[in-house]
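J.: Residue numbers (our numbering): 513 to 741. We put the CB at the ideal spot given by N, CA and C, even for glycine. Got a structure here, written out as structure tokens. Questions coming.
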Ligand SMILES: C[S@@+](CC[C@H](N)C(=O)[O-])C[C@H]1O[C@@H](n2cnc3c(N)ncnc32)[C@H](O)[C@@H]1O
């Protein structure tokens, strides 16, 4: 397995990422976040691992003018910039590693959705660097909305690491097909709550994504909303 598989997989990708069925509920997801936590269009919001910018751009089309999106993949960021231009909205999209976010006490809220970096990296220490960087970039009492893979789903994970290994068939920009070994980290809510508390966040919600319903056994992801202490 390539430990930086996420760099290879998403590095090759652009707007075709939005063909995945799990990207189809953006409108509902953003509406929920606005209703519950991102209530003021003046808020300064950071979208970490923003991919093709589907949440950031949707927020911008609803009048949010202070949105920044960062992602490791130049192809994803290029696609995000192109869509924003086509939709006539301004979003500050940047190629940036989530472990090295260059902001301090800057944002009213941060989102990290659908495994935008956190959980994809090679080990827990690398994933924690993402949490540290997000914590640093938020203002005091800034809101952090995270979705993450649910350990209690139908997947064969390594009990020592809580990681699932899999192989993906990818086609490079050169048209050549290859097999990529991937591995991502899943969590239980009590573990992630503890981890967030260790990084100076106060946890406000653990729920099924984009709801206040209890986390379900078998669901792919869950959501944790926290606040910087
Ligand atoms: C499954 S996509 C999620 C994209 C978007 N948040 C969404 O909801 O559709 C994961 C994204 O995380 C990005 N990513 C992975 N590792 C990263 C890192 N270390 N820093 C920043 N972005 C990263 C990938 O490039 C990819 O765009």
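1. Measuring straight from C-alpha to C-alpha, what distance separates residue 616 and residue 561?
2. Can you tell me whether DSSP reads residue 525 as helix, strand or coil?
3. For ligand 1, I want to know if residue 572 counts as a neighbour, meaning its beta carbon is within less than 7 angstroms of at least one of the ligand's heavy atoms.
4. Secondary structure at residue 566, three-state DSSP: helix, strand or coil?
5. Select from 685, 693 and 682 the residue whose C-alpha is nearest the C-alpha of residue 676.
6. Give me whichever residues DSSP pairs with residue 559 in a beta bridge.
7. Give the straight-line distance between the Cα atoms of residue 669 and residue 661, rounded to the nearest whole angstrom.
8. Figure out for me which residue from 547, 545, 564 and 540 has the closest Cα to the Cα of residue 530.
9. Regarding residue 629 and ligand 1, is the C-beta to nearest heavy atom distance less than 7 angstroms?
10. Apart from the five residues just before and just after residue 538, which ones in its own chain have a Cβ nearer than 7 angstroms to its Cβ?
11. Mind checking whether the beta-carbon of residue 596 lies closer than 7 angstroms to any heavy atom of ligand 1?
12. So, at 7 angstroms on beta carbons, what are the nonlocal neighbours of residue 718 in its own chain, with the 5 sequence-adjacent residues on each side left out?
T.: In short, the structure shows the following:
1. On the chain shown, residue 616 is found 104 positions in, with the first residue counted as 1. On the chain shown, residue 561 is found 49 positions in, with the first residue counted as 1. Their Cα atoms are separated by approximately 18 angstroms.
2. The count along the chain shown starts at 1 and reaches residue 525 at position 13. Looking at residue 525 - three-state DSSP - the assignment turns out to be coil, as it is neither helix nor strand.
3. For this step, residue 572 is matched to residue 60 along the chain shown. No; taking the cut-off as 7 angstroms, the Cβ of residue 572 has no heavy atom of ligand 1 nearer than that.
4. As a working note, residue 566 is residue 54 in the chain shown. Three-state result, residue 566: helix.
5. For this step, residue 676 is matched to residue 164 along the chain shown. Minimum Cα distance to residue 676 is reached at 693.
6. Position 47 of the chain shown, counted from the start, is the residue given in the question as residue 559. Per DSSP, 581 and 623.
7. Working through the chain shown from its first residue, we reach residue 669 at position 157. Working through the chain shown from its first residue, we reach residue 661 at position 149. Approximately 12 angstroms, taken between the alpha carbons.
8. As a working note, residue 530 is residue 18 in the chain shown. That would be 564, whose Cα lies nearest to the Cα of residue 530.
9. Numbered from 1 along the chain shown, position 117 holds the residue referred to as residue 629. For ligand 1, at least one heavy atom lies less than 7 angstroms from the Cβ of residue 629.
10. Sequence index remark: in the chain shown, residue 538 carries index 26 (1-based). Excluding residues within five positions, the ones whose Cβ falls inside 7 angstroms are 566, 567 and 570.
11. Numbered from its first residue, the chain shown carries residue 596 at position 84. Checking the Cβ of residue 596 against ligand 1 gives no.
12. One-based indexing of the chain shown puts residue 718 at position 206. So the list reads 701, 705, 727, 734 and 736, once near-sequence residues are dropped.
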